[in-house]
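Novice:
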Amino acid sequence: MKPILRDLSLALVKFHRGLLLFQAELAEKQDGRKYPPYELLNLSLNDPRFMWLRQFSELIIQIDTIVDDKKNTPFDASAINAAVKNLVRLDAEHSHGLLGAIKADSSIMLPLGELRKAMLALETAIASQLQ
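Following our numbering, the numbering of the sequence shown begins with 414 at its first residue and continues without gaps.
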C-alpha cells in the first residue's frame with residue numbers, strides 16, 4: 414500500500430505545484446509586481462489568497478509521514494482517499510479556488526489527470542484488501 418501512497422503523494426505534489434504557480438501568477442497580476450521565490454514562499458504561507466492551497470500541503474505531509482514511517486503504524490487508507498477526493502471536488506460550493514484555477518489554466522488538467530489515476534490505484538488497492 415505504501416508504494417501506492419507514494420505515487421499518490423507525488424501526483425498530489427505535481428498538482429499542488431501547478432495550483433501554486435497559478436495562484437502566484439494571479440497574486441502578481443493583482444499586486445502589479447513579480448515576486449522572487451522567497452517572497453512567494455512567504456505568500457504561500459501567510460497570504461489569505463493562498464489559504465485554499467494549504468489543505469493540499471497538509472495532506473501531502475500526512476501521506477508522506479505514513480510512507481516514511483519505519484514502524485509501519487496502521488493508517489486508514491480509506492480516510493486518505495476520502496480526503497483527496499474532497500480536495501479535488503469540482504463543484505462551486507467545495508472547490509476553494511480549484512474550479513477557477515482549472516478554468517483559467519488548462520495546463521493544470523494534466524497533473525489532475527495523473528492525480529486521478531493515482532487515486533484510482535489507491536481505490537483499487539483498498540477494494541482488494543476488503544475482499
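Here a beta-carbon is modelled for each residue, glycine too, at the ideal position from N, C-alpha and C. Here the structure is a predicted model, which means the values were calculated and not measured.
Three-state secondary structure (DSSP) at T486?
Specialist: Stepping through the sequence shown from its first residue, residue 486 is reached at position 73. Coil at T486, not helix or strand.
Novice: Flag this pair as yes or no: are the beta carbons of L466 and L439 separated by less than 8 Å?
Specialist: Along the sequence shown, one-based indexing puts residue 466 at 53. Along the sequence shown, one-based indexing puts residue 439 at 26. Not in contact: L466 and L439 (Cβ atoms no closer than 8 Å).
Novice: For I539, I'd like the list of residues in its chain whose CB is within less than 7 Å of its CB, leaving aside the five on either flank, ordered along the chain.
Specialist: Counting from 1 along the sequence shown, the entry for residue 539 is found at position 126. These residues qualify, in order along the chain: A490, S491, N494.
Novice: Does the distance from the C-beta atom of Q436 to that of F463 stay below 8 Å?
Specialist: Working through the sequence shown from its first residue, we reach residue 436 at position 23. Working through the sequence shown from its first residue, we reach residue 463 at position 50. Taking 8 Å as the Cβ cut-off, Q436 and F463 qualify as a contacting pair.
Novice: DSSP state of P449, grouped into three classes?
Specialist: Within the sequence shown, numbered from 1, the residue matching residue 449 stands at position 36. P449 falls in the coil class under three-state DSSP.
Novice: Tell me whether M532 sits in a helix, a strand or coil according to DSSP, three-state version.
Specialist: By one-based count along the sequence shown, residue 532 stands at place 119. Here M532 sits in helix by DSSP.
Novice: List, from N- to C-terminal side, the beta strand (DSSP E) runs of 3 residues or more that fit wholly inside the segment 433-479.
Specialist: For the segment 433-479, not a single whole beta strand (DSSP E) run of length 3 or above is found.
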